[in-house]
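Trainee: Here the sequence shown is numbered in our numbering, starting from 5 and rising by one per residue. From the three backbone atoms N, C-alpha and C, an ideal C-beta is built for every residue, glycine too. Please read these numbers as outputs of a predicted model, since none were measured by experiment.
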Amino acid sequence: MSSLEKSLMILKRLGDSPYELNLSELASHVGMGKSGAFKLINVMKKHNFVIQDPSSKKYHLGPIMLRLGNVYSRFKGIEQIAKPLLFRISRSFQETTYLTIWEGDRAFPAYKNSVKDGIYEYNDFIGMSLPLNSGASAMVLCAYQDPGHIREILGSMKLEKRTSKTMTDLDQLMDEYRIIRERGYALEDETFSLGILSIAVPVFDKDGRVWSCLALAAPKAHATDGNVDEWIQALKEGAEELSYNLQFRH
Numbered sequence: 005m006s007s008l009e010k011s012l013m014i015l016k017r018l019g020d021s022p023y024e025l026n027l028s029e030l031a032s033h034v035g036m037g038k039s040g041a042f043k044l045i046n047v048m049k050k051h052n053f054v055i056q057d058p059s060s061k062k063y064h065l066g067p068i069m070l071r072l073g074n075v076y077s078r079f080k081g082i083e084q085i086a087k088p089l090l091f092r093i094s095r096s097f098q099e100t101t102y103l104t105i106w107e108g109d110r111a112f113p114a115y116k117n118s119v120k121d122g123i124y125e126y127n128d129f130i131g132m133s134l135p136l137n138s139g140a141s142a143m144v145l146c147a148y149q150d151p152g153h154i155r156e157i158l159g160s161m162k163l164e165k166r167t168s169k170t171m172t173d174l175d176q177l178m179d180e181y182r183i184i185r186e187r188g189y190a191l192e193d194e195t196f197s198l199g200i201l202s203i204a205v206p207v208f209d210k211d212g213r214v215w216s217c218l219a220l221a222a223p224k225a226h227a228t229d230g231n232v233d234e235w236i237q238a239l240k241e242g243a244e245e246l247s248y249n250l251q252f253r254h
C-alpha cells in the first residue's frame, strides 16, 4: 500500500466516530509504525487536512474538508436540486426525508428535511456513516452496487445488530439486496431503530449507476398500506426528477 493510500485511509477513518484519534490508533489503522504515520500526518497538517488538538494531542479533520465538500456539492448541483425536492416531499406527508450518498464502500446521509416532531428532527446524522445491514437508504445503495464488492466489504467488518430484526448473516443480506433490486426500492421495518419504518429508492446517474438514494423515515404507527404506497410513489418520482436534473450538471 502506497503512502498516498495510507494518507487517504487516515482521512476516511477520521470521518467516522469518534472523529478524533491519537497517533498510535491511526498508525494501527493503516498498519504502519508510529514514526511513519507521524510523517504522513505532518504532511496532512501542513496542508490543513488534519488538525491536532493541543490538549488531547488527538487528530481530527481540518476545515479544508468542509470547503472541499461544499465545492463538490456546488459543482455537481446536488444541494441546489435536492433540498427543494426533500422539502416538497416532507411537506406533502409531514415526514422526514433525506438524501444518502454512496462513497464507494460506505453510505452517508448528505441532506435531510425534518418536520416538527418528526423522526430525526433533533438527530443530526448528516455525514455519518450508516451501517450497511440496516436502514433503507444504506440497504438500497448496497443493493445496486457490484455484489462481489459488497460481499467483500461486509465480510471484512463486524455487522452491528441494532435491533432484534437487524440481519447479520451475510448470505441473508445478499439475498435481501437481490430482492430490493427486483422490486426497485428498500422498505425496512425496525431494522435500524425500533418503532421506525423507512423507505428508500435509488437515484441513477446518466450511465445507469446508483450513487445516491432518496429516503423517507416515519413512525411505524403512521405506516398504513395506503400511506406506504404513496410514499414509495413520491420517492420514485422524486428520484427520477433528481436524476434527470443532475444529468445537465457535471
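What do you get for I200, buried or exposed, if any count of 16 or more other CB atoms within 10 angstroms of its CB means buried?
Mentor: I200 counts as buried, since no fewer than 16 other beta carbons sit within 10 angstroms of its beta carbon.
Trainee: Taking contact to mean at least 3 C-beta pairs separated by less than 8 angstroms, is the stretch 208-224 in contact with the stretch 177-188?
Mentor: no
Trainee: Rounded to the nearest angstrom, what separates H254 and E83 at their Cα positions?
Mentor: Its pLDDT being 48, under 50, H254 is placed unreliably in this model, and the coordinates cannot settle the point.
Trainee: Can you have a look at Q251 and say buried or exposed, based on whether 16 or more other CB atoms are within 10 angstroms of its CB?
Mentor: exposed
Trainee: Does the Cβ of Y102 have 16 or more other Cβ atoms within 10 Å, making it buried, or fewer, making it exposed?
Mentor: buried
Trainee: How long is the line joining the alpha carbons of P223 and H153, rounded to whole angstroms?
Mentor: 33 angstroms
Trainee: For the alpha helix (DSSP H) holding T181, just list the boundary residues, first then last.
Mentor: It should be noted that the sequence gives Tyr, not Thr, for residue 181. From DSSP, the alpha helix (DSSP H) with Y181 extends over L174 to R187.
Trainee: Does the Cβ of T228 have 16 or more other Cβ atoms within 10 Å, making it buried, or fewer, making it exposed?
Mentor: Under this definition T228 is an exposed residue.
Trainee: For N181, collect the residues of the same chain with a Cβ closer than 8 angstroms to its Cβ; drop the 5 residues on either side in sequence, then sort them by chain order.
Mentor: For clarity, residue 181 is Tyr in the given sequence; the question names Asn instead. So the list reads M143, C146, A147, P151 and I154, once near-sequence residues are dropped.
Trainee: Out of T170, M132, G139 and F42, point me to the one whose CA is closest to Y23's CA.
Mentor: Out of T170, M132, G139 and F42, M132 has the C-alpha closest to the C-alpha of Y23.
Trainee: Please report the straight-line C-alpha distance between K116 and A86, rounded to a whole angstrom.
Mentor: 9 angstroms
Trainee: Could I get the ranges of all uninterrupted alpha helix (DSSP H) runs contained in the stretch 36-97, with 4 residues as the minimum, in chain order?
Mentor: For the stretch 36-97, whole alpha helix (DSSP H) runs of length 4 or above, ordered along the chain, are 38-50, 68-80 and 82-97.
Trainee: Drop a sphere of 10 angstroms on the beta-carbon of A243, count the other beta-carbons inside from all chains shown, and report buried for 16 or more, exposed for fewer.
Mentor: buried
Trainee: If you check the beta carbons only, do V54 and L70 fall under 8 angstroms apart?
Mentor: no
Trainee: Excluding five sequence neighbours on each side, which residues of the same chain lie with their C-beta closer than 8 angstroms to the C-beta of K62?
Mentor: E24, L25, N26 and Q56
Trainee: Quick check on T104: buried or exposed, where buried means 16 or more other Cβ atoms within 10 Å of its Cβ?
Mentor: buried
Trainee: Under a three-way DSSP split, which group does D193 fall into?
Mentor: DSSP, read as helix, strand or coil, puts D193 in strand.
Trainee: Report the rounded CA-to-CA distance for F129 versus D20, giving the unit in angstroms.
Mentor: 12 angstroms
Trainee: Count the other C-beta atoms from every protein chain shown that fall within 10 angstroms of the C-beta of K120, then say buried if there are 16 or more, exposed otherwise.
Mentor: exposed
Trainee: Going by other Cβ atoms of all chains shown within 10 Å of its Cβ, with 16 needed for buried, is P58 buried or exposed?
Mentor: exposed
Trainee: Excluding the 5 residues preceding and the 5 following D109 in the sequence, name in chain order all residues of the same chain whose CB lies nearer than 7 angstroms to its CB.
Mentor: I157
Trainee: In angstroms, rounded to a whole number, what distance separates the CA positions of D173 and G159?
Mentor: 10 angstroms
Trainee: Please determine, among V205, G40 and M48, the residue with the shortest C-alpha to C-alpha distance to L12.
Mentor: M48
Trainee: Look up S202 in the DSSP assignment and give the residues it is bridged to.
Mentor: For S202, which the question treats as bridged, DSSP gives the partners E192 and A221.
Trainee: If you drop the 5 nearest sequence neighbours on each side, which residues of the same chain put their C-beta closer than 7 angstroms to that of V34?
Mentor: K10, M13, I14 and A41
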